[in-house]
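In what follows, a structure is listed as structure tokens, so that the remarks can point back to it.
Number of protein chains: 2
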Amino acid sequence: MEQYRAFSTQEAIEYAGSLPGVFDAGETLSAEEIGDGNLNLVFRIRSDGSGRSVIVKQALPYVRVVGGGWPLSLDRARIESAALAKAAEVCPELVPQVYSFNQELALIVMEDLSDHIVLRKGLIQGKRYERLAEDLGTYMARTLFATSDLYLEPQAKKQLQVEFCNPELCKITEDLVFTHPYMDAETNNIDEAIRPFVARFLWSDTALKREVALLKHAFLTRGEALVHGDLHTGSVMVTAASTKVIDPEFAYYGPMGFDVGAMLANLLLNYVAQAGHRRDADECSAYRAYLLETVEQLWHQFATQLRLLHASQTSEEMAKTEGFFEIYLRNILQDSIGFAGCKMIRRIVGLAHVEDIDSISDKAIKTAAQELALRIGRELIMERQRFDSIEAVSAVVKRTEGA
Amino acid sequence: MEQYRAFSTQEAIEYAGSLPGVFDAGETLSAEEIGDGNLNLVFRIRSDGSGRSVIVKQALPYVRVVGGGWPLSLDRARIESAALAKAAEVCPELVPQVYSFNQELALIVMEDLSDHIVLRKGLIQGKRYERLAEDLGTYMARTLFATSDLYLEPQAKKQLQVEFCNPELCKITEDLVFTHPYMDAETNNIDEAIRPFVARFLWSDTALKREVALLKHAFLTRGEALVHGDLHTGSVMVTAASTKVIDPEFAYYGPMGFDVGAMLANLLLNYVAQAGHRRDADECSAYRAYLLETVEQLWHQFATQLRLLHASQTSEEMAKTEGFFEIYLRNILQDSIGFAGCKMIRRIVGLAHVEDIDSISDKAIKTAAQELALRIGRELIMERQRFDSIEAVSAVVKRTEGA
Chain A
1 MEQYRAFSTQ
11 EAIEYAGSLP
21 GVFDAGETLS
31 AEEIGDGNLN
41 LVFRIRSDGS
51 GRSVIVKQAL
61 PYVRVVGGGW
71 PLSLDRARIE
81 SAALAKAAEV
91 CPELVPQVYS
101 FNQELALIVM
111 EDLSDHIVLR
121 KGLIQGKRYE
131 RLAEDLGTYM
141 ARTLFATSDL
151 YLEPQAKKQL
161 QVEFCNPELC
171 KITEDLVFTH
181 PYMDAETNNI
191 DEAIRPFVAR
201 FLWSDTALKR
211 EVALLKHAFL
221 TRGEALVHGD
231 LHTGSVMVTA
241 ASTKVIDPEF
251 AYYGPMGFDV
261 GAMLANLLLN
271 YVAQAGHRRD
281 ADECSAYRAY
291 LLETVEQLWH
301 QFATQLRLLH
311 ASQTSEEMAK
321 TEGFFEIYLR
331 NILQDSIGFA
341 GCKMIRRIVG
351 LAHVEDIDSI
361 SDKAIKTAAQ
371 ELALRIGREL
381 IMERQRFDSI
391 EAVSAVVKRT
401 EGA
Chain B
1001 MEQYRAFSTQ
1011 EAIEYAGSLP
1021 GVFDAGETLS
1031 AEEIGDGNLN
1041 LVFRIRSDGS
1051 GRSVIVKQAL
1061 PYVRVVGGGW
1071 PLSLDRARIE
1081 SAALAKAAEV
1091 CPELVPQVYS
1101 FNQELALIVM
1111 EDLSDHIVLR
1121 KGLIQGKRYE
1131 RLAEDLGTYM
1141 ARTLFATSDL
1151 YLEPQAKKQL
1161 QVEFCNPELC
1171 KITEDLVFTH
1181 PYMDAETNNI
1191 DEAIRPFVAR
1201 FLWSDTALKR
1211 EVALLKHAFL
1221 TRGEALVHGD
1231 LHTGSVMVTA
1241 ASTKVIDPEF
1251 AYYGPMGFDV
1261 GAMLANLLLN
1271 YVAQAGHRRD
1281 ADECSAYRAY
1291 LLETVEQLWH
1301 QFATQLRLLH
1311 ASQTSEEMAK
1321 TEGFFEIYLR
1331 NILQDSIGFA
1341 GCKMIRRIVG
1351 LAHVEDIDSI
1361 SDKAIKTAAQ
1371 ELALRIGREL
1381 IMERQRFDSI
1391 EAVSAVVKRT
1401 EGA
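Here the protein sequences come in this chain order: A and B. Take the first sequence: its letters are residues 1 to 403, numbered as in the numbering used here. Take the second sequence: its letters are residues 1001 to 1403, numbered as in the numbering used here.
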């Protein structure tokens, strides 16, 4: 058994070179570290001869944050590797291939996606991805259904739920998404320009905090499916022809709507941010229309595919009852919208911001975008139980924008 | 490490005699087997000299049922022992004391409650228990709160949830409570006299099955607290001055309302059965009034104590938000009422009946009681989301009785 140590570039090369079936013997390999080093080391190892490459991703035993850090379980590498394997069972084309996992070293060797770009960056640049809604809808429907009580025998599901018990990473979400943004917490990261608005608009709003408390309670208690747990636009890599979901280290058994909501929130954050990136009004409004269309298509793809899976593969007898699925789906929609609201707010007030908004250079536009994100987030949370279609999201966005 | 073997009476005596601190050396011990032997061996071991006695309970590796049996994990003895220990942390006076647990032998040595009687038998005899509502309300409030996300740090809760993963016993509930009664299943146990009514009233009712499917989904997915899992009137031992909750082998992380609902259902089953036991109309109606009062007091005791615990000991920051607890409590009420309906129906149609009804000698009265139980059960399930007070249960009972 190997002892854990954080790899140097040279160690990463040697490790990848020694794996059977990855590189040929005698290939000359080079490496670069491409991660930000906050949670993980990420090396790209490339053969100078064949041009083949792989990613070596190693978890670090701490989170590096502004002003310090805190220890964090290496077990998340096991979770990530196992979650990628579960996804590969139902949609191998939508996740990177895992070549090797080493538990002691907390290290995954996987497919290099350097021909892809991070979806968030593509959206900031105003790119359109025709496959995106269908691919992400497929990813969510298949991974969530296949790990749910609709499909799995309950005993198999309970075993998986134990395997994916992920208390340390859940705790990060519990604190940074569902708690700290609603109080003047040290971990918050608030632009001074909007601090008075945040104090008035979030911290004084008891009704909002109550609804967030209920959503947090759902996150804490409802083990519906193996969720990705961090499904934002930075966890998706794209080309025109391919979509790959990466980084499921936050995976755990939670509410299905948590994944759907994370993706909706990040598309809407990009929508809000476009005021700072597409300075031509027509161009901005056309791209925003594309984003709202993507929000709607994403949901419809998810819903359609989940419905098909339910109709053809549900094993849970009672869930086959006529009309059950419609209620089940509406509950996921309402959860998704509520979680989307929480995810929008945390990206403005909480520790981790999004580049979409933080990269806006005009300060007034940036502040307006932040306020708009908070307003939309709040509306989604407060109104979620009245939603019976995804189209109502666009209506909320437009109404809030016009207010 | 000892190898599992089902104990003989003599082995049970020797085992109890050898435990330090239970009996004095040299005491002459005798034993009787007092269990029904369907799931467990239960021996009472008594010292002829001192009169002291203990219970030795050993899990059997199968369930014995009419016409055969099926294997069942011995792990349930660990679950039972650990659940009794958890309860003893918060209400030691309301559970039997555990003296010893042996995992290999699946065996618990615990306090003998032979001065108590089973609550179900007391209720069939028309006895009243002044402490009952308060004691059971206390038991439920304390055990559920202490294992919930309101009180526990989320990481400690998740560990407990793994420790109490109980797939085999949950499966029994999933099948026998939430599935088989709603179809013409082999495990059902239906008096021929009500079979046509069952086919018409349950099996043809899609709206009812849909609601049961949603309650089953809650049972499968919602890990709110460590529930007893089988909290009927046969799992409670009483004297005028003492209440003890026993047999938590079905314990797992589930919805709080599942325990509350089980107790409500069994009180209401006794209510329905009184037509066959108190043949004097005034006496019957007075006892029924006592039972409905107990239903209401039980809820109020539970709610009051849960509210106090929440106000004084909640660690979950967001759950402290004004108004959160009222919604949380209303959700538990509505769940409890829905689960109560399921529990009533399964005791008429499903494998395991209750003595309250099965012991009615007059066939016409018994059949009428069974139909009334099904009608009340259905009303509770279908109307649960309109309930905002426990008093509405009495209204449903009286309305259904009069219909």
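The beta-carbon is built from N, C-alpha and C at its ideal position, and this holds for glycine as well.
- [ ] Compare the beta carbon distance of leucine 1351 of chain B and glutamate 316 of chain A with 9 Å and say whether it is the shorter of the two.
- [x] What you label residue 1351 of chain B is simply residue 351 of the second sequence in a count that begins at 1. What you label residue 316 of chain A is simply residue 316 of the first sequence in a count that begins at 1. Contact: no.
- [ ] Assign lysine 363 of chain A to one of two classes, buried (16 or more other C-beta atoms within 10 Å of its C-beta) or exposed (fewer than that).
- [x] In the first sequence, the residue the question calls residue 363 of chain A occupies position 363. Lysine 363 of chain A is exposed by the Cβ-count criterion.
Open item on the list: Buried or exposed, going by whether 16 or more other CB atoms sit within 10 Å of the CB of lysine 366 of chain A?
Closed with: Counting from 1 along the first sequence, the entry for residue 366 of chain A is found at position 366. Buried is the call here.
- [ ] Using a Cβ-Cβ cut-off of 9 Å, state whether alanine 273 of chain A counts as contacting chain B.
- [x] In the first sequence, the residue the question calls residue 273 of chain A occupies position 273. Cβ-Cβ to chain B under 9 Å: no for alanine 273 of chain A.
- [ ] Pull out every residue of the segment 1278 to 1292 of chain B whose Cβ sits closer than 8 Å to any Cβ of chain A, in chain order.
- [x] none
TODO: Express the C-alpha separation of alanine 240 of chain A and glutamate 130 of chain A in angstroms, rounding to a whole number.
DONE: Walking along the first sequence from the start, residue 130 of chain A turns up at place 130. Walking along the first sequence from the start, residue 240 of chain A turns up at place 240. Each residue's alpha carbon lies about 7 Å from the other.
- [ ] Output yes if chain B places a C-beta closer than 9 Å to the C-beta of valine 162 of chain A; else output no.
- [x] To locate residue 162 of chain A, count along the first sequence from 1; it is residue 162. Yes - at least one Cβ of chain B is within 9 Å of the one on valine 162 of chain A.
TODO: Keeping to the same chain, check which residues put their C-beta closer than 8 Å to that of histidine 1116 of chain B; ignore five residues upstream and five downstream.
DONE: Here residue 1116 of chain B refers to the residue found at position 116 of the second sequence. Answer for histidine 1116 of chain B: Met1237, Val1238, Thr1239, Ser1242, Lys1244, listed in chain order.
Task: First and last residue of the uninterrupted beta strand (DSSP E) at lysine 1244 of chain B - done: Here residue 1244 of chain B refers to the residue found at position 244 of the second sequence. Counting along the chain, lysine 1244 of chain B sits inside the beta strand (DSSP E) bounded by residues 1243 to 1245.
Open item on the list: By alpha-carbon positions, which one of B/Ile1381, B/Gln1155, B/Phe1101, B/Gln1010 ends up nearest to leucine 1202 of chain B?
Closed with: Taking the first residue of the second sequence as 1, we reach residue 1202 of chain B at position 202. The residue with the shortest Cα to Cα distance from leucine 1202 of chain B is B/Ile1381.
Open item on the list: For a cutoff of 9 Å on Cβ pairs, would you count tyrosine 1328 of chain B as touching chain A?
Closed with: Taking the second sequence and counting its residues from 1, the one referred to as residue 1328 of chain B is at position 328. With 9 Å as the cut-off, tyrosine 1328 of chain B counts as an interface residue toward chain A.
Open item on the list: For aspartate 356 of chain A and leucine 267 of chain A, I'd like the C-alpha separation in whole angstroms.
Closed with: Here residue 356 of chain A is taken as the residue at index 356 of the first sequence, counted from 1. Here residue 267 of chain A is taken as the residue at index 267 of the first sequence, counted from 1. Computed Cα separation, rounded: 10 Å.
Task: is_contact[valine 1227 of chain B, chain A] using C-beta, thresh 9 Å - done: Stepping through the second sequence from its first residue, residue 1227 of chain B is reached at position 227. With 9 Å as the cut-off, valine 1227 of chain B does not count as an interface residue toward chain A.
Open item on the list: Quick check on DSSP: helix, strand or coil for alanine 185 of chain A?
Closed with: In the first sequence, the residue the question calls residue 185 of chain A occupies position 185. Alanine 185 of chain A falls in the coil class under three-state DSSP.
Open item on the list: Can you list, in chain order, the residues of its chain with a C-beta nearer than 6 Å to that of serine 100 of chain A? Leave out the 5 residues immediately preceding and following it.
Closed with: The residue given as residue 100 of chain A occupies position 100 in the first sequence. Counting only Cβ-Cβ distances below 6 Å, and skipping sequence neighbours, we find Leu19, Val109.
Task: Stretch pair the segment 1206 to 1214 of chain B + the segment 1033 to 1046 of chain B: three plus CB contacts closer than 8 Å - done: no
Open item on the list: What does the alpha-carbon distance come out to for the pair glutamate 1283 of chain B and isoleucine 1390 of chain B?
Closed with: The sequence position of residue 1283 of chain B within the second sequence is 283, counting from 1. The sequence position of residue 1390 of chain B within the second sequence is 390, counting from 1. Approximately 24 Å between the Cα atoms of the pair.
Task: Residues sharing a beta bridge with valine 1393 of chain B, DSSP - done: Translated into the one-based positions of the second sequence, residue 1393 of chain B becomes position 393. Answer is none; valine 1393 of chain B lacks a bridge partner.
- [ ] Compare the C-beta of leucine 269 of chain A against all C-beta atoms of chain B and say whether one is closer than 9 Å.
- [x] Taking the first sequence and counting its residues from 1, one reaches residue 269 of chain A at position 269. At a cut-off of 9 Å between beta carbons, leucine 269 of chain A makes no contact with chain B.
- [ ] Look at glutamate 27 of chain A and glycine 17 of chain A and say whether their C-beta atoms are less than 9 Å apart.
- [x] To locate residue 27 of chain A, count along the first sequence from 1; it is residue 27. To locate residue 17 of chain A, count along the first sequence from 1; it is residue 17. It is a contact, given that the beta carbons lie within the stated cut-off.
- [ ] Give me whichever residues DSSP pairs with isoleucine 108 of chain A in a beta bridge.
- [x] Walking along the first sequence from the start, residue 108 of chain A turns up at place 108. A/Lys57, A/Phe101, per the DSSP bridge assignment.
Task: chain B residues whose Cβ lies nearer than 7 Å to that of phenylalanine 178 of chain A - done: Counting from one through the first sequence, the residue named residue 178 of chain A turns up at place 178. By Cβ distance, chain B contributes Met1318.
Task: Proximal residues of chain A, C-beta to C-beta of valine 1349 of chain B below 9 Å - done: Along the second sequence, read from residue 1 onward, the residue named residue 1349 of chain B stands at position 349. Chain A residues near valine 1349 of chain B: none, gap ~14 Å exceeds 9 Å.
- [ ] For valine 198 of chain A, go through chain B and note every residue whose CB falls closer than 9 Å to its CB, in chain order.
- [x] The sequence position of residue 198 of chain A within the first sequence is 198, counting from 1. Near valine 198 of chain A there are no residues of chain B at all, since even the closest Cβ is about 17 Å away, more than 9 Å.
Task: Burial state of alanine 1405 of chain B (16 or more Cβ within 10 Å) - done: Since the first residue shown for chain B is 1001 and the last is 1403, residue 1405 of chain B is missing from the structure and cannot be characterised.
TODO: Just tell me which of A/Ser53, A/Ile124, A/Gly122 has its CA closest to the CA of proline 96 of chain A.
DONE: Position 96 of the first sequence, counted from the first residue, corresponds to residue 96 of chain A. Closest option to proline 96 of chain A, Cα to Cα, is A/Ser53.
Task: Reference valine 997 of chain B; option with closest CA among B/Ser1081, B/Ala1368, B/Val1177 - done: Since the first residue shown for chain B is 1001 and the last is 1403, residue 997 of chain B is missing from the structure and cannot be characterised.
TODO: May I have the straight-line CA-CA distance separating leucine 1374 of chain B from glycine 323 of chain A, to the nearest angstrom?
DONE: The residue given as residue 1374 of chain B occupies position 374 in the second sequence. The residue given as residue 323 of chain A occupies position 323 in the first sequence. Rounded to whole angstroms, leucine 1374 of chain B to glycine 323 of chain A spans 22 Å at the Cα level.
Task: Three-state class that DSSP yields for asparagine 38 of chain A in the structure shown - done: Here residue 38 of chain A refers to the residue found at position 38 when the first sequence is read from its first residue. Coil at asparagine 38 of chain A, not helix or strand.
TODO: Would you kindly check if the distance between the Cβ of alanine 106 of chain A and the Cβ of proline 71 of chain A is under 9 Å?
DONE: Translated into positions along the first sequence, residue 71 of chain A becomes position 71. Translated into positions along the first sequence, residue 106 of chain A becomes position 106. Their beta carbons are not under 9 Å apart, which means proline 71 of chain A does not touch alanine 106 of chain A by this criterion.
Open item on the list: Any beta carbon of chain B sitting closer than 9 Å to that of glutamine 385 of chain A?
Closed with: The residue you call residue 385 of chain A lines up with position 385 of the first sequence. Closer than 9 Å: no.
Open item on the list: Under 9 Å, Cβ to Cβ, is there at least one residue of chain B near phenylalanine 324 of chain A?
Closed with: In the first sequence, the residue the question calls residue 324 of chain A occupies position 324. Yes, because at least one Cβ of chain B sits closer than 9 Å to the Cβ of phenylalanine 324 of chain A.
TODO: Could you please tell me which residues of the segment 385 to 402 of chain A, in chain order, have their CB closer than 9 Å to any CB of chain B?
DONE: none
TODO: Determine the chain A residues that contact cysteine 1170 of chain B at a beta-carbon separation under 9 Å, and present them in chain order.
DONE: Taking the second sequence and counting its residues from 1, the one referred to as residue 1170 of chain B is at position 170. Those within 9 Å of cysteine 1170 of chain B in chain A are Pro154, Gln155, Lys158.
Open item on the list: For chain B, check one thing: does any of its Cβ atoms lie closer than 9 Å to the Cβ of valine 212 of chain A?
Closed with: The residue given as residue 212 of chain A occupies position 212 in the first sequence. Closer than 9 Å to some Cβ of chain B, the Cβ of valine 212 of chain A qualifies, so yes.
- [ ] Quick one: using the 10 Å Cβ neighbour count with 16 as the cut-off for buried, is arginine 1064 of chain B buried or exposed?
- [x] Position 64 of the second sequence, counted from the start, is the residue given in the question as residue 1064 of chain B. Note on arginine 1064 of chain B: under 16 other CB atoms within 10 angstroms of its CB, so exposed under the neighbour-count rule.
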